[in-house]
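Enquirer: In the working numbering, each residue's number is its place in the sequence shown (first place is 1) plus 116. All C-beta atoms, glycine included, are put in the ideal place defined by N, C-alpha and C. Since the structure is predicted, the reported quantities are computational estimates derived from the model, not experimental observations. Got a structure for you, written out below as structure tokens; questions coming shortly.
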Amino acid sequence: MRLDGTLDVDVADGRVACTFTVTNTGAEPTDLRFRSGQVADVTVSAAGDAVWRWSDGKLFTQALKTVTLDPDERLTLEAVWEDPKPGEYTARGALEATNATAVDVREFTVPVS
117 MRLDGTLDVD VADGRVACTF TVTNTGAEPT DLRFRSGQVA DVTVSAAGDA VWRWSDGKLF
177 TQALKTVTLD PDERLTLEAV WEDPKPGEYT ARGALEATNA TAVDVREFTV PVS
């Protein structure tokens, strides 16, 4: 099983848009197992403390779920942080599978408007 996680962060128009993509870079299909309907998450931290998490306040189905990714197939999470304060941040995208890991981290700045 070979998975690659990529996090893209776009700061514009008073918001932060994060796109976390997991790609099966292996030659065989990969079965990903999840404990709920949540397949990934994005967390934003400032000085090591979490200040925003995409999944906070969301409800997910509470059922075991399996997703099969064929070679070169992608799983994507779009997460938008509305109205962030100016500052230096670190965003972390992570796959929530119980049997696999894919993570990517990006630093970014929200400028003073």
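(1) Just tell me which of Thr184, Ala133, Thr139 has its CA closest to the CA of Val219.
(2) Relative to the C-alpha of Ala216, which candidate in Thr146, Asp126, Thr206 has its C-alpha closest?
(3) Gln154 and Glu212 look like a contact to me (Cβ under 8 Å); what is the Cβ gap, rounded to whole Å?
(4) Helix or strand or just coil, what does DSSP make of Asn215?
(5) Can you tell me where the beta strand (DSSP E) with Lys181 in it begins and where it stops?
(6) Return helix, strand or coil for Ala163, following the three-state DSSP convention.
Expert: Reading off the structure:
(1) Here the closest residue by C-alpha is Thr139.
(2) Among Thr146, Asp126, Thr206, the Cα nearest to that of Ala216 is on Thr146.
(3) Contact holds; Cβ gap of about 5 Å.
(4) Three-state DSSP puts Asn215 in coil, outside helix and strand.
(5) For Lys181, the uninterrupted beta strand (DSSP E) run begins and ends at 181-185, by DSSP.
(6) Annotated three-state conformation of Ala163 is coil, per DSSP.
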